[in-house]
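Peer 1:
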Amino acid sequence: MEREQSCSAMGGGESIPNHHQTLILKSIFFLDGFGDVLLTSNSDGLFWESVDSPETDGSDCLGIKLAPEAPAEVKFSDVYGVEFDNFGVIRKSKLGIAPSCILCDEYEMYRFTVYSFQRSKSQPAQWVLTTFTFGHEDQQTCQMWVNQIDASLVLQDGRPKNLLVFVNPRSGKGIGSRTWEAVAPIFLRAKINTKVIVTERANHAFDVMATTSNKDLKMYDGIVAVGGDGFFNEILNGFLLSRHLAHYPPTPSDIIDCRQTEAGNSTDHASEFSAFHTWFRFGIIPAGSTDAIVMCSTGCRDPITSTLQIVLGKRVHLDIAQVVRWKKTPTSKFDPCVRYAASFAGYGFYGDVIAESEKLRWMGPRRYDYAGTRVFLRHSSYEAEVAYVDTKSEDTNANGKRVLCRSNCSICNTRPHLQHSHTGSSSLQDETRWLKSKGRFLSIGAAVISCRNEKAPDGLVADAHLSDGFLHLILIRDCHHALYLWHLTQLARKGGNPMDFKFVEHHKVCLVQQTLFQHELNNKRSLNYFDGGVCLVLVLYVVFATRSKDTISLRAS
């Protein structure tokens, strides 16, 4: 079937940041599944509209009217790739398989495909892959458009070019490798170079990150973890432990008077590290058991969505936590053992569940249900004293309701990078509103983010923010089995009220001290668990301390 097509180009369009002139193109193309369209390209994106006459607008087949869609567009900020498809079939139909008498016409011509995404209608936070294939009888016309679109994509700010990817094949239900295989084509179409390391043992990623020099890391624009929160935590610690040389929180000897000068480590390399967190990024492609960090930062647990946000250069600031476990040496000095986390630090029930579930990794995500049931039936409580600096919350709207952390959050956006810093002894001197809570606790936890997941749809703290510079201290006092079960069921409900119990204390804090007693430290089950993290943004203090041989200190950075 013969077709008439035309092409025109106009130079000297709108200016762009690098002061190059944008070439505005206009051509008549055949859009696969639609029909003839007038396609226009400028500095913002692609725009098209039907060129069918009103009399022939749409098609009629077997009495069924197939009307074309309204004029459409796709912005370059939403496009991650374009490919020349050479010569092939293109259809004027929305039903790809059926006799031609129903589907109307098919054509053979040169084609190119634009790769983008659309938001899911049922779940707006989820991004769905979409393609637009345009056909033309002239090969040079198609190639010219591909070159123009490629040039426009290069001008998009913040998109990575080289990434270091770690894949945990045992994450979750053992789907880490399959998850990477599913999303790898997106990186290829986006022309992103990836060095992929499939881990072969525990702490493999940690060792690689810890031994890789800063010079070698600067070859990459970021690091991607394909796995769960724990796997990301491993990578985060490998990166930070040898590079983030910040002051430590007070030692047990200093905790008596928190206004004393802090013990700290060297900051000789602070300037070198600061060069990293101005551009270096971390990404997570979910393949774990809970994927709480991804749920909180993207709004859904979908590998495609996370991959698209990575290749398009999307970013979000997240608080992280520095955890310091003080150990007393034979010479009565305290040596710090440092770890980092970005979602939750737990002692008691949650720490016991994690410790129990680590023995059952072969069960996959079901291990949390089994381990949680065993720990719940055991109903262990621990004696402790918790001191904290409470803050006056301003995170409410005009109606006095809490502001939830969502896309373009007003709370997080008003906390600029590193503006809220609680490091150093000077900040401790400013903290005077000390409050204490002492007794037996089923659980003591500090949530950096809401920790949303499939088992707790609103998270542990529904109104926690990603980067407001504060923690949410959750204290669960010893109570009857039935009451604690009621609390847990409220966590599992969307819209539940897990904090509305007399035995539950919830405080928004910037500084915490926890004192454990010797007989609790001797209990191996009362180990602490710290999970997950993404990038460096703010600095604040959270200190867990003890009067005995073992001390834990935590601060978020």
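Each residue of the sequence shown is one higher than the one before, counting from 1 in full-length UniProt numbering. Think of the CB as a built atom: it goes at the ideal place given N, C-alpha and C, for glycine as much as any other residue. Keep in mind the model is a prediction, meaning the values are calculated, not measured.
#1: Could you check the C-alpha separation between Gly313 and Leu473 for me, to the nearest Å?
#2: How far does the beta strand (DSSP E) with Trp434 in it extend, from its first residue to its last?
#3: Enumerated in chain order, which unbroken segments of the alpha helix (DSSP H) with a length of 4 residues or greater are wholly contained in the segment 138-213?
#4: Determine the direct distance from the alpha carbon of Leu491 to that of Ser437, and round the result to whole angstroms.
#5: Can you name, in chain order, every residue of its own chain whose Cβ lies under 7 Å from the Cβ of Ala371, other than the five neighbours on each side?
#6: Along the beta strand (DSSP E) that carries Ile474, what are the first and last residues, could you check?
#7: Restricting to Cα atoms, I'd like to know which of Cys142, Asp78 and Met295 is closest to Thr130.
#8: Looking at C-alpha atoms only, which residue of Pro160, Gln322 and Gln309 is the closest neighbour of Gly469?
#9: As a quick exercise: from Ile476, Thr307, Lys455 and Ala446, pick the residue whose alpha carbon is nearest that of Ala464.
#10: Below 8 Å between beta carbons: does that hold for Ala125 and Gly348?
#11: Excluding sequence positions up to five away, which residues of its chain have a Cβ less than 6 Å from the Cβ of Thr179?
#12: Mind listing, in chain order, the continuous alpha helix (DSSP H) runs of no fewer than 4 residues lying wholly within the segment 298-378?
#13: What residues are listed by DSSP as bridge partners for Phe134?
#14: Could you tell me the alpha carbon to alpha carbon distance between Ile197 and Pro185, rounded to whole angstroms?
#15: I need the boundaries of the alpha helix (DSSP H) containing Asp390, first residue and last residue.
#16: In terms of alpha-carbon separation, which member of Asp458, His506 and Arg201 lies closest to Thr489?
#17: Going by DSSP in three states, Asp36 sits in which element: helix, strand or coil?
#18: For Asn162, tell me which candidate among Asp221, Thr391 and Gly439 has the shortest Cα-Cα distance.
#19: Please report the Cβ distance between Arg111 and Phe134, rounded to the nearest whole angstrom; I am assuming they are in contact, meaning their Cβ atoms lie under 8 Å.
#20: Taking the CB atoms as reference points, tell me whether Leu38 and Val51 lie closer together than 8 Å.
#21: With a threshold of 16 other CB atoms inside 10 Å of the CB of Val167, please say whether the residue is buried or exposed.
#22: Quick check on Asn203 - is its C-beta less than 8 Å from some C-beta in chain D?
#23: Assuming Leu483 contacts Phe503 under a Cβ cut-off of 8 Å, what Cβ separation, rounded to an integer in Å, is found between them?
#24: Check Asp458 in the structure and name its three-state DSSP category.
#25: Under a three-way DSSP split, which group does Leu95 fall into?
#26: Please classify Ser213 as buried or exposed, where buried requires at least 16 other C-beta atoms within 10 Å of its C-beta.
#27: Taking DSSP as the reference, what is the three-state secondary structure of Val82?
#28: Can you give me the Cβ contacts of Ile97 inside the same chain, cut-off strictly under 7 Å, excluding the 5 residues immediately before and after it?
#29: Return the CA-CA distance between Arg374 and His481, expressed in angstroms with no decimal places.
#30: What does DSSP give as the partner residues of Phe47 in its beta bridges?
#31: Leaving out five residues on either side along the sequence, give the residues of the same chain with a beta carbon under 6 Å from the beta carbon of Ile149.
#32: Rounded to whole angstroms, what's the CA-CA distance from Ala545 to Lys508? Just pull it up for me.
#33: Starting from Ala225, trace the beta strand (DSSP E) both ways and give me its first and last residue.
#34: Locate the beta strand (DSSP E) running through Gly283, then write down its first and last residues.
#35: With DSSP as the reference, identify every bridge partner of Gln118, one or two as the case may be.
#36: Kindly indicate which residue of Arg440, His506 and Cys479 has the alpha-carbon position closest to the one of Leu460.
Peer 2: With the structure as the only source:
#1: For the purposes of this step, residue 313 is taken as the residue at position 313 of the sequence shown. For the purposes of this step, residue 473 is taken as the residue at position 473 of the sequence shown. So the alpha carbons of these two residues sit roughly 33 Å apart.
#2: The residue you call residue 434 lines up with position 434 of the sequence shown. Note, Trp434: beta strand (DSSP E), Trp434 to Ala447.
#3: 139-154, 176-189 and 204-211
#4: The residue you call residue 437 lines up with position 437 of the sequence shown. The residue you call residue 491 lines up with position 491 of the sequence shown. Straight-line Cα distance between these residues: approximately 23 Å.
#5: Position 371 of the sequence shown, counted from the first residue, corresponds to residue 371. If we look at Ala371 and ignore the five residues flanking it on each side, its Cβ neighbours are Val353, Glu356, Ser357 and Leu360.
#6: The residue you call residue 474 lines up with position 474 of the sequence shown. That run of the beta strand (DSSP E) goes Leu471 to Arg477.
#7: By 1-based counting over the sequence shown, the position of residue 130 is 130. Of Cys142, Asp78 and Met295, the residue nearest in Cα terms is Asp78.
#8: Numbered from its first residue, the sequence shown carries residue 469 at position 469. The residue with the shortest Cα to Cα distance from Gly469 is Gln322.
#9: Walking along the sequence shown from the start, residue 464 turns up at place 464. Closest option to Ala464, Cα to Cα, is Ala446.
#10: For the purposes of this step, residue 125 is taken as residue 125 along the sequence shown, with counting starting at 1. For the purposes of this step, residue 348 is taken as residue 348 along the sequence shown, with counting starting at 1. It is not a contact, given that the beta carbons lie outside the stated cut-off.
#11: Along the sequence shown, read from residue 1 onward, the residue named residue 179 stands at position 179. Around Thr179: Val226, Ala287 and Pro303.
#12: 303-311, 349-357 and 366-378
#13: Taking the sequence shown and counting its residues from 1, one reaches residue 134 at position 134. In DSSP, Phe134 forms a bridge with Leu31 and Phe112.
#14: Counted from its first residue, the sequence shown places residue 197 at position 197. Counted from its first residue, the sequence shown places residue 185 at position 185. The straight-line gap from Cα to Cα measures roughly 17 Å.
#15: Position 390 of the sequence shown, counted from the first residue, corresponds to residue 390. No alpha helix (DSSP H) contains Asp390, which is instead part of the beta strand (DSSP E) from Tyr382 to Asp390.
#16: Your numbering for residue 489 matches position 489 in the sequence shown. Minimum Cα distance to Thr489 is reached at Asp458.
#17: As a working mapping, residue 36 is identified with position 36 in the sequence shown. Three-state result, Asp36: strand.
#18: The residue you call residue 162 lines up with position 162 of the sequence shown. Checking every option, the nearest Cα to that of Asn162 belongs to Asp221.
#19: For the purposes of this step, residue 111 is taken as residue 111 along the sequence shown, with counting starting at 1. For the purposes of this step, residue 134 is taken as residue 134 along the sequence shown, with counting starting at 1. Confirmed, about 7 Å.
#20: On the sequence shown, position 38 is the one that residue 38 refers to. On the sequence shown, position 51 is the one that residue 51 refers to. Closer than 8 Å, so yes.
#21: By one-based count along the sequence shown, residue 167 stands at place 167. The residue is buried, with at least 16 neighbouring Cβ atoms inside 10 Å.
#22: Here there is only one protein chain, and chain D is not present.
#23: Counted from its first residue, the sequence shown places residue 483 at position 483. Counted from its first residue, the sequence shown places residue 503 at position 503. Correct: roughly 7 Å between the Cβ atoms.
#24: One-based indexing of the sequence shown puts residue 458 at position 458. Reduced to three states, the DSSP call for Asp458 is coil.
#25: Here residue 95 refers to the residue found at position 95 of the sequence shown. Caution is warranted here: a pLDDT of 48 is assigned to Leu95, below 50, making its placement in the model unreliable, and no coordinate value can be reported.
#26: Position 213 of the sequence shown holds residue 213. Flag for Ser213 reads exposed.
#27: Counting from one through the sequence shown, the residue named residue 82 turns up at place 82. Three-state DSSP puts Val82 in a strand.
#28: Position 97 of the sequence shown, counted from the first residue, corresponds to residue 97. Any reading at Ile97 must be qualified, since the residue scores a pLDDT of 41, below 50, and its modelled position is unreliable; the value itself is stated next. Contacts found: none.
#29: Along the sequence shown, read from residue 1 onward, the residue named residue 374 stands at position 374. Along the sequence shown, read from residue 1 onward, the residue named residue 481 stands at position 481. Rounded to whole angstroms, Arg374 to His481 spans 13 Å at the Cα level.
#30: Residue mapping note: residue 47 aligns to position 47 of the sequence shown, counting from 1. For Phe47, which the question treats as bridged, DSSP gives the partners Thr40 and Glu73.
#31: In the sequence shown, residue 149 corresponds to position 149, counting from 1. The residues are Val82.
#32: The residue you call residue 545 lines up with position 545 of the sequence shown. The residue you call residue 508 lines up with position 508 of the sequence shown. Its pLDDT being 29, under 50, Ala545 is placed unreliably by the model, and the measurement read from it follows with that caveat. Roughly 19 Å between the two C-alpha positions.
#33: Counting from one through the sequence shown, the residue named residue 225 turns up at place 225. Where Ala225 is concerned, the enclosing beta strand (DSSP E) stretches over Gly222 to Gly227.
#34: Residue numbering aside, residue 283 sits at position 283 when the sequence shown is read from its first letter. Arg281 to Pro286 is the extent of the beta strand (DSSP E) around Gly283.
#35: Taking the first residue of the sequence shown as 1, we reach residue 118 at position 118. Paired residues: Val128.
#36: Reading the sequence shown from its first residue, position 460 is the one you call residue 460. The residue with the shortest Cα to Cα distance from Leu460 is His506.
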